[in-house]
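Asks:
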Amino acid sequence: MTTPTPLPEYAFFDGRIVPYREARVGVMTHGLQYGTGCFGGLRGFWNRAEEELFVFRPHDHFQRFLESARLLSLELPYSVDDLVAALGSLLRQEGLRADCYIRPLAFAAEERIGALGLEGMRSAVSIVAIPFSKYIENDLGAHVKISAWRRIDDNMIPARGKVSGAYVNTALAKTDAQRGGFDDAIFLDQNGHVSEASAANLFIVRNGAVATPPVTDNILEGITRRSILDMLREELAIPAIERSIDRTELSLADEVFLAGTGVQIVSVTRIDHRPVGTGRMGPVTASLRKLNAEIVRGEVPRYRRWCWPVYASAAAGAPAPAIAR
Ligand code: PMP
Numbered sequence: 003m004t005t006p007t008p009l010p011e012y013a014f015f016d017g018r019i020v021p022y023r024e025a026r027v028g029v030m031t032h033g034l035q036y037g038t039g040c041f042g043g044l045r046g047f048w049n050r051a052e053e054e055l056f057v058f059r060p061h062d063h064f065q066r067f068l069e070s071a072r073l074l075s076l077e078l079p080y081s082v083d084d085l086v087a088a089l090g091s092l093l094r095q096e097g098l099r100a101d102c103y104i105r106p107l108a109f110a111a112e113e114r115i116g117a118l119g120l121e122g123m124r125s126a127v128s129i130v131a132i133p134f135s136k137y138i139e140n141d142l143g144a145h146v147k148i149s150a151w152r153r154i155d156d157n158m159i160p161a162r163g164k165v166s167g168a169y170v171n172t173a174l175a176k177t178d179a180q181r182g183g184f185d186d187a188i189f190l191d192q193n194g195h196v197s198e199a200s201a202a203n204l205f206i207v208r209n210g211a212v213a214t215p216p217v218t219d220n221i222l223e224g225i226t227r228r229s230i231l232d233m234l235r236e237e238l239a240i241p242a243i244e245r246s247i248d249r250t251e252l253s254l255a256d257e258v259f260l261a262g263t264g265v266q267i268v269s270v271t272r273i274d275h276r277p278v279g280t281g282r283m284g285p286v287t288a289s290l291r292k293l294n295a296e297i298v299r300g301e302v303p304r305y306r307r308w309c310w311p312v313y314a315s316a317a318a319g320a321p322a323p324a325i326a327r
């Protein structure tokens, strides 16, 4: 059962913060008709001791957001700094003092049918933030299925970007997995290599070393993935490599885990009814989950650079963005 998403009070929409109900598009909008848009997914973590909301790596998320728009030839009138500042204003206006999920969206905004080309297309950008709920409930021991749907190939729809229309592929795989009683799906790519899960990158642990598919195996270039590779190498001194992974390696892995902004780090304990390793969460996954949970909340000084303080940024007099079209 999915819990209904609470609606936010406000949205950043077309350069202004407006009541959420005013952030609307017409049904002829290109992005709605054809999926010609891209989005992001960020999280804010409430640090109770400091009474501060930390957004995790917002500059990196908005950099990827702008790159996804570039892949679509959508021109957006904002820089990364504009978007971070807009997000700060939105979160403060919304008054969020709890863990939250943040969703920026850019889309082809013209209301025209039959003209598919994106050259010169007017675009629009929105950002909303909602209190967070879990993407996968069973994060201590997820049961996943290797999907019969293949991951979209980079020559079909850019796989490394977060392109709205491409999530039809995700929705089909997730629906089938859930109908089959699984928590999530793992995609193989057109070459039969393991690509990723429905909305998370995948890692295996075998003989004390970690491997994850390279960015050339049709994965989304995940920011959590990048953070985890750093944590493994710098903090846990565990060798971590990026290489293609075969399907049968999943059956022999000691541990498998998924990583993404929504799921954070989820231990996978069964794949297609086969236990992974001992069938319980392994030590590498457990150590990473603990370290990551501290880092994202701003509790580890060495990684404070990844945590952007929403309220202190305003108090420090960060200039309000000149957001006008
Ligand atoms: N792959 C896909 C398909 C995703 O949708 C996501 C979630 N954005 C991820 C991986 C994980 O990426 P990130 O760590 O940047 O959230």
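For what it's worth, my numbering labels the leading residue of the sequence shown as 3, then goes sequentially. We treat Cβ as the ideally placed atom computed from N, Cα and C, and that holds for glycine.
Closer than 8 Å by C-beta to L78: which residues in its own chain qualify, once you throw out the five before and the five after it? Chain order, please.
Replies: Excluding sequence neighbours, L78 sits near L68, A71, A108, S125 and V127.
Asks: Would you identify the three-state DSSP class for A126, choosing helix, strand or coil?
Replies: Correct three-state label for A126: strand.
Asks: Quick check: does the Cβ of A201 come within less than 7 Å of any heavy atom belonging to the ligand PMP?
Replies: A201 Cβ: within cutoff of the ligand PMP.
Asks: Go ahead and pull the three-state DSSP assignment for E11.
Replies: Note: E11 maps to coil in three-state DSSP.
Asks: Helix or strand or just coil, what does DSSP make of S269?
Replies: It is a strand residue.
Asks: Sort out for me which residues DSSP pairs A211 with in a bridge.
Replies: In the DSSP output, where bridge partners are listed per residue, A211 has R208.
Asks: Would you identify the three-state DSSP class for W151, choosing helix, strand or coil?
Replies: Of the three classes helix, strand and coil, the one that applies to W151 here is coil, per DSSP.
Asks: So does T328 have its beta carbon nearer than 7 Å to some heavy atom of the ligand PMP?
Replies: With the chain running from 3 to 327 in the structure shown, residue 328 is simply not present.
Asks: Is there at least one non-hydrogen atom of the ligand PMP closer than 7 Å to the beta-carbon of K176?
Replies: Checking the Cβ of K176 against the ligand PMP gives no.
Asks: Less than 7 Å separating the Cβ of E244 from some heavy atom of the ligand PMP?
Replies: Outside the cutoff, so no.
Asks: Pull up the distance between the alpha-carbon of D185 and that of D248, whole angstroms please.
Replies: Near 21 Å, if we compare the C-alpha coordinates of D248 and D185.
Asks: Considering only the alpha carbon of each residue, which of R228, A168 and D232 lies closest to W151?
Replies: Nearest option by C-alpha distance: A168.
Asks: Quick check on DSSP: helix, strand or coil for P303?
Replies: In this structure, P303 counts as helix in the three-state DSSP scheme.
Asks: Does the Cβ-Cβ distance between I115 and L44 come in under 8 Å?
Replies: Cβ atoms of I115 and L44: not closer than 8 Å.
Asks: Ordered along the chain, which non-local residues of its own chain (more than five positions away) have a Cβ less than 8 Å from that of R276?
Replies: These residues qualify, in order along the chain: S253.
Asks: Taking 7 Å as the limit between beta carbons, can you name the residues of its chain near G163, skipping five residues before and five after?
Replies: Same-chain partners within the cutoff: C40, E69, S70 and L73.
Asks: Out of A211, H145 and Q95, which has the shortest C-alpha to C-alpha gap to G183?
Replies: Ranking the options by Cα distance to G183, first place goes to H145.
Asks: Which residue's Cα is closest to the Cα of D232: L222, F189, D219 and T214?
Replies: Cα-wise, what sits closest to D232 is T214.
Asks: Which of the three DSSP states is assigned to N193 in this structure?
Replies: Here N193 sits in coil by DSSP.
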